[in-house]
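Heads up: the structure comes next, in structure tokens.
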Amino acid sequence: MKCRLNILFALVSLPLIGIGQEVPTLAQLAERAILKSHSLANAELDIQSERETRSSIKETYLPRVEASGKFAHLNTDVLVDLPTTTLPILNIPLFDGNERFQSRSNLWISDITASAVLFTGTKAPKFGKALDHKIRAQEIMLEKGRQEIIDQVSTAYDQLALLRQVQLVLEESSRRLDIEKKTAEKAFGYGLITSYELTKIAVAEATLAARQQEYEGKRGLLIRQLHQLTDIPMDSLDAIEHTLHPYSLATNSGGIDNRPEIAALDAAIEANRYKVQAERTHWIPQVQALARVGYYGLTDGSLKTPYTLPVSGQPIHLGANRLQAFPSYMVGVGFRWNLFDGLQGKRAVNKARIEVQKAENERQEAEELLNLNLVKAQTEYELANKQVVTGQTRLNTAQKALDIAQKESRVGLIKPAERIAAETDYQQAALDYYQVVFNQRRAAYRLLMATGDLTLEKLN
2 MKCRLNILFA LVSLPLIGIG QEVPTLAQLA ERAILKSHSL ANAELDIQSE
52 RETRSSIKET YLPRVEASGK FAHLNTDVLV DLPTTTLPIL NIPLFDGNER
102 FQSRSNLWIS DITASAVLFT GTKAPKFGKA LDHKIRAQEI MLEKGRQEII
152 DQVSTAYDQL ALLRQVQLVL EESSRRLDIE KKTAEKAFGY GLITSYELTK
202 IAVAEATLAA RQQEYEGKRG LLIRQLHQLT DIPMDSLDAI EHTLHPYSLA
252 TNSGGIDNRP EIAALDAAIE ANRYKVQAER THWIPQVQAL ARVGYYGLTD
302 GSLKTPYTLP VSGQPIHLGA NRLQAFPSYM VGVGFRWNLF DGLQGKRAVN
352 KARIEVQKAE NERQEAEELL NLNLVKAQTE YELANKQVVT GQTRLNTAQK
402 ALDIAQKESR VGLIKPAERI AAETDYQQAA LDYYQVVFNQ RRAAYRLLMA
452 TGDLTLEKLN
């Protein structure tokens, strides 16, 4: 969350980015896309949720205070069957067989209880450390999400630049074809060329027009894609004019040590190890302190007995208007010791150990795959560099051939069809060269991702 706030501050300080007054750079586009990303936002919310859980573990030792109150009306018949005895002097027999007593009263109870955990058997601290490492793993994986967004934005940005270069090539070819068409029409009027040769120029013009329409459609789609990623107005995005050029990286790129996946899996392994330690504490006793202050009251109590007074013969009834105990205090410390839990604790430890083994296997597999991916990225980058050199040579050769064809066409040494063929060859060589440059840049970015070094500072 702190990272997103820093990015937000940086964006606010940008000079009127996104309001149509300044053309955004690639780094600014990537920053805006990272800020807007809903997947990153949800990942950060997951981290925030885990932090709340971590806070609850820290609060295990905070006291809990509860207040409760109860009221009950008691109406009870009590049947007593005790050995018969006789009151001395009065000679009144008691408990002569089954005797029934009737009791009625109102019971009032209220109390405030405070309890606090004093010792969890070290389970809470160990679970807390496990959760710390889990949160660390989630935070590291945010970097992987940022790199993926940077790659997505840079790809669209380079595609815009590629289309811009395509547009320039098509415009140059269109201007040369216009000149060639005028010359060919005059030559056709004088009977110097055939209608077939004139038609070749019309075919070339139609091909150019089709490519121009394709360019406009793709560019519009890319601008909408960048708008969806960044929320920058489309008029600002439409003003982007980026020139494609190869991206040069150091020959000996780093390994996979900076890959976020490796660091995240290391943190996950540590988290599972702490979980094993926490589960091992199932046999350690837990200690809790308790304090209570309460009110206990009995009102309108009555007890009807089956006995009568010896002289008057009146039934003996006992009663109490009010009987209370307040304040009633209780303070103590108790413990719970799980001496045998039916092997449930052992099973929990075994399951936690299995999770450690799974995490270690995942790390080993990830390391192998990431090393393989690094070799693949390095190979593709080296091949792309060679293709750039080859494409540049082909483009230079096609440019020379076009210059020669233009000169020879002016003096009538070659036919218009041959001139159009040279134009087509140059056009294709130029388009292929810029495509090769685009591919080389993507290979460079993939290599940066393979080493975990694709950051905003590395954008080119």
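Using our numbering, the first residue of the sequence shown is number 2, and each one after it goes up by one.
Using N, Cα and C, we set each Cβ at its ideal position, and we do this for glycine too.
All values reported here derive from a predicted model rather than from experimental measurement.
How many angstroms separate the CA atom of L119 from the CA atom of L457?
Cα atoms of L119 and L457: separation of roughly 49 Å, rounded to the nearest angstrom.
For the region 288-304 against the region 273-280, are there 3 or more C-beta pairs whose distance is under 8 Å?
The region 288-304 is not in contact with the region 273-280.
Would the region 436-448 and the region 152-160 be scored as touching if the rule is three or more Cβ pairs under 8 Å?
Yes: at least three Cβ pairs fall under 8 Å.
Can you name, in chain order, every residue of its own chain whose Cβ lies under 7 Å from the Cβ of L403, other than the five neighbours on each side?
For L403, where only same-chain residues beyond five positions count, the Cβ hits under 7 Å are A423, E424, Y427.
Over the uninterrupted alpha helix (DSSP H) stretch that includes V412, give me the two end residues.
No alpha helix (DSSP H) contains V412, which DSSP labels as neither H nor E.
Output yes or no for whether 8 Å exceeds the beta carbon distance between R55 and L132.
Yes.
Neighbour-count burial assignment, T231, 16 or more Cβ in a 10 Å radius:
The residue is buried, with at least 16 neighbouring Cβ atoms inside 10 Å.
Range covered by the beta strand (DSSP E) that runs through S329
Start and end: 316-337.
Would you identify the three-state DSSP class for N440, choosing helix, strand or coil?
When secondary structure is reduced to three states using DSSP, N440 falls in the helix class.
DSSP state of L403, grouped into three classes?
Of the three classes helix, strand and coil, the one that applies to L403 here is helix, per DSSP.
What whole-angstrom Cβ distance do L227 and L30 have, given they're in contact under 8 Å?
Between L30 and L227 the Cβ distance is about 6 Å, and since that is below 8 Å, they are a contact.
Could you tell me if Y62 is buried or exposed, where buried requires 16 or more neighbouring beta carbons within 10 angstroms of its beta carbon?
Result: exposed.
For M142, count the other beta carbons within 10 Å of its own beta carbon; 16 or more makes it buried, fewer makes it exposed. Which is it?
Around the beta carbon of M142, a 10 Å sphere encloses 16 or more other beta carbons of the protein chains shown; the residue is thus reported as buried.
Spell out a yes or no on whether the region 182-198 and the region 408-420 are touching, meaning 3 or more CB-CB pairs, one atom from each, closer than 8 Å.
With the cut-off at 8 Å, the region 182-198 and the region 408-420 touch.
Taking the alpha-carbon positions, what's the M2 to T391 distance?
At M2, the pLDDT of 45 sits below 50, so the modelled position is not reliable and the matter cannot be decided from this model.
Quick check: what's the CA-CA separation for L108 versus F341?
Cα to Cα, the separation comes out at about 40 Å.
Tell me whether the beta-carbon of H318 lies closer than 8 Å to the beta-carbon of T309.
Cβ distance not < 8 Å, so H318 and T309 don't count as in contact.
Three CB pairs or more closer than 8 Å across the region 161-176 and the region 372-391:
Between the region 161-176 and the region 372-391, the count of Cβ pairs shorter than 8 Å is below three; the stretches do not touch.
Considering only residues of the region 169-194, which uninterrupted alpha helix (DSSP H) runs meet the minimum length of 4 residues and lie entirely inside it, listed in chain order?
Counting only runs of 4 or more, we get nothing.
Mapping DSSP to helix, strand and coil, what is T300?
In the structure shown, T300 sits in a strand (DSSP, three-state: E or B).
Selected residue, minimal CA-CA separation from Y435, among A367, R293, G256, T244
When only C-alpha atoms are compared, the closest one is T244.
Three-state secondary structure (DSSP) of Y197:
Y197 falls in the helix class under three-state DSSP.
Report, in whole angstroms, the separation of the C-beta atoms of A268 and A138, which I expect to be a contact under 8 Å.
Between A138 and A268 the Cβ distance is about 4 Å, and since that is below 8 Å, they are a contact.
Skipping 5 residues on each side, what residues in its chain have a beta carbon closer than 8 Å to that of V79?
Annotation for V79: R101, F102, Q103, S104 place their beta carbon closer than 8 Å to its own, counting only its chain and skipping 5 residues before and after.
N-terminal and C-terminal residue of the beta strand (DSSP E) that Q113 is part of
Position check: residue 113 holds Ile in this sequence, whereas Gln was assumed. First-last of the beta strand (DSSP E) with I113: 99-120.
Could you please give me the residues that DSSP links to G70 through a beta bridge?
For G70, which the question treats as bridged, DSSP gives the partners S111.
Taking only the alpha-carbon atoms, compute the straight-line gap between E409 and Q393 and give it to the nearest angstrom.
Approximately 24 Å between the Cα atoms of the pair.
Exposure of H246, with buried meaning 16 or more beta-carbon neighbours within 10 Å:
Classification for H246: exposed.
At the level of alpha carbons, what is the spacing between Q148 and P261?
Linking Q148 to P261 through their CA atoms gives a straight-line distance of about 10 Å.
Residue nearest to I285 in terms of C-alpha spacing, selected from A28, I113, K124:
With respect to the C-alpha of I285, the residue from A28, I113, K124 having the closest C-alpha is K124.
Among the residues of its own chain, which have a CB less than 7 Å from the CB of E363, if the five just before and after it don't count?
The answer, listed in chain order, is L266.
Skipping 5 residues on each side, what residues in its chain have a beta carbon closer than 6 Å to that of I113?
Contacts found: A68, V294.
Integer Cβ distance of I224 from A34, believed to fall under 8 Å
Between A34 and I224 the Cβ distance is about 14 Å, and since that is not below 8 Å, they are no contact.
Count the other CB atoms, across all protein chains shown, that sit within 10 Å of the CB of T452; report buried if there are 16 or more and exposed otherwise.
Flag for T452 reads buried.
Quick one: give me the first and last residue of the alpha helix (DSSP H) that Y275 is part of.
Its alpha helix (DSSP H) spans residues 261-280.
Helix, strand or coil: how does DSSP classify A44 here?
DSSP places A44 in helix when its eight states are reduced to three.
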